[in-house]
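Letter by letter, the sequence shown follows residues 8 to 165 of the numbering used here.
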Amino acid sequence: MKSLLLVFGFWFFSANSIAQKTAIFDSYTALEKTILNDQNTTYVVNFWATWCAPCVKELPYFEKLNAENKKVKVVLVSLDFKDQYEKKLLPFLKKKAIKSQVVLLTDKEYNTWLPQVDKNWSGSIPATLIIQKGKKIFVEKDFASYQELNNYVNSNTN
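So this is what it looks like as C-alpha coordinates:
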(Lines of atoms letter the chains of each structure in order from A and count residues from 1; the text may use other names and numbers.)
(Lines give C-alpha, C1' and ligand atoms only; values in the text may rest on other atoms or scores of the structure.)
Protein backbone atom coordinates (compact mmCIF):
# COMPACT_ATOMS: atom_id res chain seq x y z
CA MET A 1 0.00 0.00 0.00
CA LYS A 2 2.81 2.38 0.88
CA SER A 3 4.53 1.79 -2.46
CA LEU A 4 1.21 2.30 -4.29
CA LEU A 5 0.79 5.68 -2.61
CA LEU A 6 4.38 6.55 -3.44
CA VAL A 7 3.86 5.65 -7.11
CA PHE A 8 0.59 7.61 -7.24
CA GLY A 9 2.23 10.59 -5.55
CA PHE A 10 5.12 10.56 -8.02
CA TRP A 11 2.74 10.29 -10.99
CA PHE A 12 0.54 13.08 -9.66
CA PHE A 13 3.54 15.36 -9.03
CA SER A 14 5.05 14.62 -12.48
CA ALA A 15 1.78 15.21 -14.32
CA ASN A 16 1.19 18.47 -12.45
CA SER A 17 4.70 19.78 -13.00
CA ILE A 18 4.30 19.35 -16.76
CA ALA A 19 0.78 20.80 -16.77
CA GLN A 20 1.90 23.78 -14.71
CA LYS A 21 4.53 24.79 -17.23
CA THR A 22 2.25 24.39 -20.24
CA ALA A 23 0.00 27.43 -20.34
CA ILE A 24 -2.63 27.82 -23.05
CA PHE A 25 -2.95 31.11 -24.89
CA ASP A 26 -5.82 31.92 -27.23
CA SER A 27 -4.00 34.94 -28.66
CA TYR A 28 -0.41 35.65 -29.60
CA THR A 29 -0.70 39.12 -28.06
CA ALA A 30 -1.55 37.58 -24.67
CA LEU A 31 1.38 35.15 -24.96
CA GLU A 32 3.74 37.99 -25.83
CA LYS A 33 2.54 40.18 -22.94
CA THR A 34 2.62 37.35 -20.40
CA ILE A 35 5.64 35.23 -21.38
CA LEU A 36 7.89 37.33 -23.63
CA ASN A 37 7.73 40.59 -21.69
CA ASP A 38 11.08 40.91 -19.88
CA GLN A 39 13.31 43.40 -21.73
CA ASN A 40 16.36 42.07 -19.85
CA THR A 41 15.85 38.49 -21.08
CA THR A 42 16.94 37.13 -24.44
CA TYR A 43 14.26 34.74 -25.67
CA VAL A 44 14.66 31.94 -28.19
CA VAL A 45 11.11 31.11 -29.23
CA ASN A 46 10.54 27.98 -31.28
CA PHE A 47 7.20 27.48 -33.04
CA TRP A 48 6.52 23.77 -33.45
CA ALA A 49 3.89 21.00 -33.22
CA THR A 50 3.87 17.32 -32.31
CA TRP A 51 2.58 16.47 -35.81
CA CYS A 52 5.54 18.23 -37.50
CA ALA A 53 8.39 15.72 -38.02
CA PRO A 54 11.16 18.34 -38.58
CA CYS A 55 9.95 20.15 -35.43
CA VAL A 56 10.12 17.01 -33.31
CA LYS A 57 13.55 16.16 -34.73
CA GLU A 58 15.03 19.49 -33.60
CA LEU A 59 13.42 19.64 -30.15
CA PRO A 60 16.46 17.99 -28.50
CA TYR A 61 18.61 20.83 -29.87
CA PHE A 62 16.40 23.40 -28.15
CA GLU A 63 16.44 21.34 -24.96
CA LYS A 64 20.25 21.30 -25.03
CA LEU A 65 20.31 25.03 -25.76
CA ASN A 66 18.02 25.60 -22.78
CA ALA A 67 20.31 23.54 -20.53
CA GLU A 68 23.67 24.84 -21.76
CA ASN A 69 23.27 28.41 -23.02
CA LYS A 70 22.56 30.47 -19.89
CA LYS A 71 22.37 33.71 -21.92
CA VAL A 72 18.94 32.77 -23.32
CA LYS A 73 15.54 31.55 -22.23
CA VAL A 74 13.99 28.95 -24.53
CA VAL A 75 10.22 29.03 -25.00
CA LEU A 76 8.62 26.26 -27.07
CA VAL A 77 5.35 27.48 -28.60
CA SER A 78 3.26 24.49 -29.58
CA LEU A 79 0.78 25.02 -32.40
CA ASP A 80 -0.99 21.75 -31.69
CA PHE A 81 -4.77 21.64 -31.66
CA LYS A 82 -6.43 22.65 -28.40
CA ASP A 83 -8.59 19.51 -28.32
CA GLN A 84 -5.40 17.37 -28.35
CA TYR A 85 -3.79 19.16 -25.39
CA GLU A 86 -4.42 16.46 -22.78
CA LYS A 87 -4.33 13.37 -24.99
CA LYS A 88 -1.40 14.23 -27.25
CA LEU A 89 0.64 17.27 -26.20
CA LEU A 90 1.01 16.62 -22.46
CA PRO A 91 1.90 12.91 -22.91
CA PHE A 92 4.39 13.87 -25.64
CA LEU A 93 6.10 16.39 -23.33
CA LYS A 94 6.25 13.82 -20.54
CA LYS A 95 7.58 11.05 -22.81
CA LYS A 96 10.28 13.35 -24.24
CA ALA A 97 11.05 14.78 -20.74
CA ILE A 98 10.87 18.35 -22.05
CA LYS A 99 12.32 20.79 -19.51
CA SER A 100 12.04 24.04 -21.50
CA GLN A 101 9.04 26.28 -20.97
CA VAL A 102 6.20 25.12 -23.23
CA VAL A 103 3.07 27.06 -24.13
CA LEU A 104 0.18 26.09 -26.37
CA LEU A 105 -0.93 28.80 -28.78
CA THR A 106 -4.41 28.27 -30.17
CA ASP A 107 -4.84 31.64 -31.94
CA LYS A 108 -6.51 30.90 -35.29
CA GLU A 109 -6.31 34.53 -36.49
CA TYR A 110 -3.12 33.73 -38.41
CA ASN A 111 -3.30 36.81 -40.65
CA THR A 112 -3.23 38.96 -37.52
CA TRP A 113 -0.50 37.35 -35.42
CA LEU A 114 1.94 35.90 -37.97
CA PRO A 115 3.02 39.41 -39.07
CA GLN A 116 3.51 40.32 -35.39
CA VAL A 117 6.19 37.62 -35.26
CA ASP A 118 7.66 38.50 -38.67
CA LYS A 119 6.07 40.32 -41.62
CA ASN A 120 7.41 37.71 -44.06
CA TRP A 121 6.50 34.55 -42.16
CA SER A 122 4.51 32.19 -44.37
CA GLY A 123 3.29 30.28 -41.31
CA SER A 124 5.33 27.14 -41.93
CA ILE A 125 7.01 25.43 -39.01
CA PRO A 126 9.46 24.90 -37.52
CA ALA A 127 10.30 28.56 -37.13
CA THR A 128 12.40 30.36 -34.56
CA LEU A 129 12.27 33.88 -33.17
CA ILE A 130 14.99 35.51 -31.11
CA ILE A 131 13.89 38.50 -29.05
CA GLN A 132 16.54 40.65 -27.41
CA LYS A 133 15.89 44.15 -26.02
CA GLY A 134 12.89 44.65 -28.31
CA LYS A 135 14.79 43.53 -31.42
CA LYS A 136 13.44 40.48 -33.29
CA ILE A 137 15.40 38.07 -35.46
CA PHE A 138 13.32 35.45 -37.25
CA VAL A 139 14.21 32.35 -39.22
CA GLU A 140 11.75 30.03 -40.94
CA LYS A 141 13.75 26.79 -41.09
CA ASP A 142 14.70 23.69 -39.18
CA PHE A 143 18.15 23.34 -37.68
CA ALA A 144 20.20 20.31 -38.72
CA SER A 145 22.13 20.06 -35.44
CA TYR A 146 22.53 21.55 -32.00
CA GLN A 147 25.77 23.17 -33.17
CA GLU A 148 23.96 24.94 -36.01
CA LEU A 149 21.25 26.21 -33.64
CA ASN A 150 23.71 27.31 -30.97
CA ASN A 151 25.92 29.08 -33.54
CA TYR A 152 22.86 30.84 -34.99
CA VAL A 153 21.71 31.98 -31.54
CA ASN A 154 25.18 33.09 -30.46
CA SER A 155 25.79 35.01 -33.68
CA ASN A 156 22.46 36.86 -33.28
CA THR A 157 22.72 37.75 -29.59
CA ASN A 158 25.14 39.81 -27.55
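Note that the Cβ used here is the ideal one computed from N, Cα and C, for glycine as well.
Given the structure is predicted, the values throughout are model-derived calculations rather than measurements.
Practice task
Would you identify the three-state DSSP class for Leu-121, choosing helix, strand or coil?
Solution key: helix
Handout entry: Span of the alpha helix (DSSP H) around Tyr-159
Key = 153-162
Exercise for the section: Sort Leu-66, Tyr-159, Leu-97 and Tyr-153 by Cα distance to Val-146 and report the nearest one. Expected result: Tyr-159
Exercise for the section: Identify whether Asn-73 lies in helix, strand or coil by the three-state DSSP scheme. Expected result: helix
Handout entry: Burial state of Lys-103 (16 or more Cβ within 10 Å)
Key = exposed
Exercise for the section: Give me the Cα-Cα distance between Glu-39 and Asn-163, rounded to the nearest whole angstrom. Expected result: Spanning the two alpha carbons is a distance of roughly 20 angstroms.
Practice task
Determine the burial state of Asn-53: buried for a count of at least 16 other Cβ atoms within 10 Å of its Cβ, exposed for fewer.
Solution key: buried
Handout entry: Straight-line Cα distance separating Lys-78 from Lys-140
Key = 13 angstroms
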